[in-house]
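Structure, as structure tokens:
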Amino acid sequence: MKKEILKLRDFKVYFPVKAGVFNRTVGHVMAVDGVDLDIYRGEVLGLAGESGCGKTTLGKAILRLVEPTNGKVTYVSKENDETELTSLEKKDMDPFRKKLQIVFQDPHSSLNPSFTIFGSLQDPLKKFGVNSKEERRKIIGDLLEAVNMRREYMDRYPHEFSGGQRQRIGIVRALCLDPELIVCDEAVSALDVSIQAQVLQLLMQLKKDNNLTYLFITHDLSVTEYLCDRIAVMYLGRIVELCDSEDLYKNTLHPYSEALISAIPVADLDKKTKRIVLEGDVPSPVNPPKGCPFHPRCPKAKDICKTEVPTLKKYSTNGNEHYASCHLIDLPEISK
Ligand SMILES: Nc1ncnc2c1ncn2[C@@H]1O[C@H](COP(=O)(O)OP(=O)(O)OP(=O)(O)O)[C@@H](O)[C@H]1O
Ligand SMILES: [Mg+2]
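Here it is, written out as structure tokens:
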């Protein structure tokens, strides 16, 4: 039986756009625009989509590193107690920050260049009551070894490491407080393929050893296929498709996901289906197109797509729940 760890309802994050001498708000970047999503305990949920579609903002806003504009995030404990994180005072977020961690997209930004690794990583441990320095050194050293690095590395500075090593230090930072859920924001995207495979394997091993849940953010759908239990595809701040990982590739329902999947490089040329080239860039989240936000780039768009906004509806493929928001889906809708 699947149990939720986080529930997002009508979740929105808007950034004000300021202009003029008086610095007045002239519009909003609708980075996340009404997301409903359940994350289940123990799963790896992929969050995919092109650059700028709101993945990082969503991940950060769940942890209140960016303040959400609207909607709720509810945390469900192992004992089934529910806490609405979005209504907590910032200081009351601390116990939940311990349970919910993030590996940042840019590992530079999470490490202070003037501190050694131990210097940076010991602060959260101190904050949550690990008072003995010996104990803090042991926790950090053990975790460094768990990510295949030497414990002595804790006394080095961030610039002394390669990108892949820094990314692994980011993982150690996230693991320090023994969290329940980790938002992995493009945790491997900047790494070369062989190191990517190593770090992914490591993440999966750590998940098994520590009963973790991952929200795995990536723009690369070739990574998610074998890694994720379910995948949510985002476009312009909204989820346009959400289903079991296998179904996304085998029974794709949304033309946007179809285009993303067709762009995955395939080694076997015989297997390669025609690549769907998406024209143009992602439209501005300040002024999203009317109707279906994807219609100006959609190769299948019809008249209805220009005027009516599609909602995320529930279907069934291969016996599994499959959500998608497109007017052109030719399957019976299942009532929620
Ligand atoms: N602090 C901010 N102030 C204003 N706009 C922002 C801010 N952070 C993000 N945005 C805007 O919100 C939108 C979503 O950005 P976000 O970083 O969440 O995208 P992303 O999907 O993570 O992209 P990428 O794959 O490139 O990391 C973008 O249009 C971006 O310019
Ligand atoms: Mg991002």
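Heads up: the sequence shown begins at 626 in my numbering, then just goes up one per residue. All C-beta atoms in this analysis are idealised placements derived from N, C-alpha and C, irrespective of residue type, glycine included.
query, result
"Segment contact flag, the region 856-866 with the region 651-668, C-beta cutoff 8 Å, min 3 pairs", "yes"
"Rounded C-alpha distance that separates GLY645 from VAL651", "9 Å"
"Closest residue to ALA686 among GLU904, LYS751, TYR639 (Cα-Cα distance)", "TYR639"
"Residues bridged to PRO957 (per DSSP)", "Its beta-bridge partners do not exist; DSSP assigns none."
"ASP635 in three-state terms, based on DSSP", "strand"
"Identity of the residues DSSP links to ILE864 by a beta bridge", "MET859"
"Collapsed DSSP secondary structure at LYS723 in the structure displayed", "helix"
"Proximal residues to ASN695 (C-beta, below 7 Å), its chain only, five neighbours per side dropped", "ASP635, LYS637"
"For ASP748 and ILE765, the rounded distance between their alpha carbons", "11 Å"
"Beta-carbon proximity check, VAL755 vs GLY789, cutoff 8 Å", "no"
"Nonlocal neighbours in the same chain, by C-beta distance under 7 Å from LYS680, ignoring five residues either side", "LEU672, GLY674, ILE842, MET859"
"PRO890 CB to nearest heavy atom of ligand 1 below 7 Å", "no"
"Where LEU956 falls, given that 16 or more other Cβ within 10 Å makes a residue buried", "exposed"
"Per-residue DSSP class, three states only, for SER941", "strand"
"C-beta contact flag for PHE729 and SER735 at 8 Å", "yes"
"Proximity winner among CYS930, PRO924, LYS925, relative to PRO918 (alpha-carbon distances)", "CYS930"
"Three-way DSSP call (helix, strand, coil) for LEU750 in this model", "helix"
"Closer than 5 Å: residues whose CB approaches a heavy atom of ligand 1", "PHE640, VAL654, ALA656, SER676, GLY677, CYS678, GLY679, LYS680, THR681, THR682, HIS844, PRO910"
"Nearest neighbour of ASP810, chosen from ILE796, THR942, GLN826 [CA to CA]", "ILE796"
"Proximity winner among SER814, ASP906, GLY677, relative to ASP731 (alpha-carbon distances)", "SER814"
"Coarse secondary structure for GLU777, derived from DSSP in three states", "helix"
"Per-residue burial, VAL642 [other beta carbons within 10 Å of its own, 16 or more giving buried]", "exposed"
"Beta-carbon spacing of ARG722, LEU768 below 8 Å", "no"
"Where the alpha helix (DSSP H) containing LYS832 begins and where it ends", "818-835"
"Simplified DSSP state of HIS952, which is helix, strand or coil", "coil"
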